[in-house]
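Asks: The sequence shown maps to residues 2 to 233 in the working numbering. One structure, as structure tokens, below. Some questions next.
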Amino acid sequence: MNSFSRRSLIKLGAGAIGTGVLASQLGSKLTFPEPAVAQKTDLTPDESLQMLMEGNQRFVNKKRTSPHQDFERLAEVAKGQKPFASILGCADSRFPSEIIFDQGLGDLFVCRVAGNVATPEEIGSLEFGSLVLGTRVIVVVGHKRCGAVEATIKGAQVPGQISSLLDAIKPAVEKTEGQAGDRLENASKANVMLQAERLKSSPVLSQLIQENKLKIVGAYYDLDTGIVTMVS
Ligand SMILES: [Zn+2]
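Take a look at the structure:
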């Protein structure tokens with residue numbers, strides 16, 4: 002990252018977080034505001050992912066604890082946030098991250114867009130989530146019966162800006178053409194990995210990965226069972 006974009010990021014961080022304390026992170030040249038109250042999570046990437054998956058287990062087993070959803074937590078995170086995980090998920094109404102992973106206010110940094118595509122805006126948001134807010138894992142989550150992937154497979158003629166989503170998914174559909182098994186599931190899982198690769202191509206995120214401060218993984222959500230499984 003050049004010095005100009007670093008300065009821009011600092012400004013962005015200041016605007017988004019408010020009166021944070023300036024702290025030096027990720028090398029002596031880069032400074033950005035910390036959340037005012039809380040320290041960043043001290044979890045490792047693997048521990049963050051484990052915490053997330055344990056939340057999904059509670060959800061699936063009907064043992065949700067619905068943590069961090071009271072007004073005490075509201076007041077706590079109003080002063081500063083330290084989410085431990087980022088999610089790039091589909092905008093589909095059946096994929097509410099905080100419910101599926103049994104989390105609450107200030108726990109997850111969530112980007113949702115139809116087809117869970119890593120557009121420049123999504124990548125920028127997730128760079129901010131990990132670099133500035135300190136999330137240790139980014140999980141790209143596709144799901145069963147995704148309408149955006151299905152429309153891409155069908156080569157649907159779509160109005161407005163919808164085609165931009167399908168264009169972003171298309172390489173995953175082409176890659177899985179002719180594969181044995183369920184066409185839609187294959188393409189959806191390939192799309193997860195495609196979008197994860199796009200995230201990994203971000204110099205900001207790859208630097209964090211190199212420093213063992215971040216992990217980017219793919220996952221697939223089963224609408225029928227509520228189970229999230231890892232995709233590789
Ligand atoms: Zn979807």
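Even glycine gets a Cβ: it sits at the ideal position worked out from N, Cα and C.
Please report how far the alpha carbon of Q158 lies from the alpha carbon of F85, in whole angstroms.
Replies: One-based indexing of the sequence shown puts residue 158 at position 157. One-based indexing of the sequence shown puts residue 85 at position 84. The straight-line gap from Cα to Cα measures roughly 39 Å.
Asks: Using a Cβ-Cβ cut-off of 6 Å (strictly less than) and excluding sequence neighbours within five positions of P68, which residues of its own chain qualify?
Replies: Within the sequence shown, the letter at position 67 stands for residue 68. Cβ within range, chain order: G105.
Asks: Report the rounded CA-to-CA distance for G148 versus S207, giving the unit in angstroms.
Replies: Counting from 1 along the sequence shown, the entry for residue 148 is found at position 147. Counting from 1 along the sequence shown, the entry for residue 207 is found at position 206. Going by the C-alpha atoms only, they are around 30 Å apart.
Asks: Which runs of the beta strand (DSSP E), 3 residues or longer, sit entirely within the segment 162 to 225?
Replies: Complete beta strand (DSSP E) runs here, min 3: 216 to 222.
Asks: Please report the residue range of the beta strand (DSSP E) in which T230 lies.
Replies: Within the sequence shown, numbered from 1, the residue matching residue 230 stands at position 229. T230 -> beta strand (DSSP E) spans V229 to V232.
Asks: Look up F110 in the DSSP assignment and say whether it is helix, strand or coil.
Replies: The count along the sequence shown starts at 1 and reaches residue 110 at position 109. Looking at F110 - three-state DSSP - the assignment turns out to be strand.
Asks: Go to A79, then tell me how far its beta strand (DSSP E) extends in each direction, as first and last residue.
Replies: The sequence position of residue 79 within the sequence shown is 78, counting from 1. Careful: A79 lies outside any beta strand (DSSP E), inside the alpha helix (DSSP H) at F72 to A79.
Asks: State buried or exposed for V205, treating a residue as buried only when at least 16 other CB atoms are found within 10 Å of its CB.
Replies: Position 204 of the sequence shown, counting from 1, holds the residue named residue 205. Its Cβ being crowded by 16 or more others within 10 Å, V205 is buried.
Asks: With a Cβ-Cβ cutoff of 7 Å, do L215 and S131 count as a contact?
Replies: Against the sequence shown, residue 215 aligns to sequence position 214. Against the sequence shown, residue 131 aligns to sequence position 130. Yes, Cβ-Cβ distance for L215 and S131 is below 7 Å.
Asks: Is the distance from the Cβ of K171 to the Cβ of Y221 below 7 Å?
Replies: Here residue 171 is taken as the residue at index 170 of the sequence shown, counted from 1. Here residue 221 is taken as the residue at index 220 of the sequence shown, counted from 1. Against a cut-off of 7 Å, the Cβ pair of Y221 and K171 comes out as no contact.
Asks: Is A149 a contact residue of ligand 1, with contact defined as CB to any heavy atom under 6 Å?
Replies: Start at 1 with the first residue of the sequence shown, and residue 149 comes out as number 148. Yes, the beta carbon of A149 sits closer than 6 Å to at least one heavy atom of ligand 1.
Asks: Measuring alpha carbon to alpha carbon, tell me which of L127, L109, G135 and K145 ends up nearest D225.
Replies: Looking up residue 225 in the sequence shown gives position 224. Of the listed residues, the one whose Cα sits closest to D225 is K145.
Asks: Is the beta carbon of L109 closer than 7 Å to that of I139?
Replies: As a first step, residue 139 must be located in the sequence shown, where it is residue number 138. As a first step, residue 109 must be located in the sequence shown, where it is residue number 108. Not in contact: I139 and L109 (Cβ atoms no closer than 7 Å).
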